[in-house]
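One structure is given below, encoded as structure tokens.
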Amino acid sequence: MNNSVKLKKKDGSIQKFGIPLISLVAIFIVIMVFIVTNASLEKKDKVDIIVRDYLLSMETEGYLIPTDEEQLVNELKDLGVKNINLTGTTLSNVGYGNKITLSVSGDLEVKEYSLNNLFSVNKRVSTLSINILKSSIAKH
Numbered sequence: 134m135n136n137s138v139k140l141k142k143k144d145g146s147i148q149k150f151g152i153p154l155i156s157l158v159a160i161f162i163v164i165m166v167f168i169v170t171n172a173s174l175e176k177k178d179k180v181d182i183i184v185r186d187y188l189l190s191m192e193t194e195g196y197l198i199p200t201d202e203e204q205l206v207n208e209l210k211d212l213g214v215k216n217i218n219l220t221g222t223t224l225s226n227v228g229y230g231n232k233i234t235l236s237v238s239g240d241l242e243v244k245e246y247s248l249n250n251l252f253s254v255n256k257r258v259s260t261l262s263i264n265i266l267k268s269s270i271a272k273h
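Using this note's numbering, you'd call the opening residue of the sequence shown number 134 and step up by one each time.
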């Protein structure tokens with residue numbers, strides 16, 4: 134009679150936890166890329182909303198009044214817009230029914246992240262060139 138006991142090799146813990154752990158890391162990276170990209174797009178949308186608000190103000194005034202011009206530039210700077218240029222904007226009263234234009238250009242600072250390897254992420258600030266041209270009719 135053979136009294137030898139055969140031992141069975143147990144599965145290692147790396148097989149149980151390795152694949153789910155790698156999957157979680159990959160999902161985390163995808164989520165972070167989405168969040169960063171969404172934040173940059175949201176910043177650009179905020180610039181568009183601010184410009185639209187000032188265009189509505191221009192409709193009632195007939196032009197971009199100096200105090201609104203200063204506030205517009207300050208709000209854009211607060212969002213991270215550099216080298217703001219309003220060339221082409223209606224800066225004098227045009228009268229009822231005439232076309233008014235708000236032209237804003239500049240460089241919008243956004244954060245970019247890049248993945249070097251699984252555990253190293255680089256962050257850098259880059260600039261996006263923005264050019265917004267909106268027109269309407271003076272209604273004052």
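Backbone N, C-alpha and C define an ideal beta-carbon position, used for all residues, glycine too. Just so you know, these numbers come straight off a predicted model, no measurement behind them.
Scanning its chain for C-beta atoms nearer than 7 Å, with the 5 sequence neighbours on each side dropped, one finds around residue 216 the residues 239 and 240, in chain order. A distance below 8 Å separates the beta carbons of residue 267 and residue 235.
In summary, residue 196 is buried, with 16 or more beta-carbon neighbours lying within 10 Å of its beta-carbon over all protein chains present. Residue environment: residue 205 is assigned as buried (16 or more neighbouring CB atoms within 10 Å of its CB, all protein chains considered).
One alpha carbon belongs to residue 178, the other to residue 207, and they sit about 17 Å apart. The Cβ atoms of residue 243 and residue 259 sit closer than 8 Å to each other. Residue 176 and residue 212 do touch by the CB rule: their CB atoms are close to 6 Å apart, below 8 Å.
For the set 262, 191, 254 and 199, the Cα lying nearest the Cα of residue 231 is the one of 191. Within the stretch 174-201, not a single complete beta strand (DSSP E) segment reaches 3 residues in length.
Within its own chain, no residue has a Cβ closer than 6 Å to the Cβ of residue 202 once the five positions on either side in sequence are excluded. For residue 256, the three-state secondary structure derived from DSSP is strand.
With contacts defined by Cβ atoms closer than 8 Å, residue 214 and residue 180 form a contacting pair. When DSSP states are grouped into helix, strand and coil, residue 228 belongs to the coil group.
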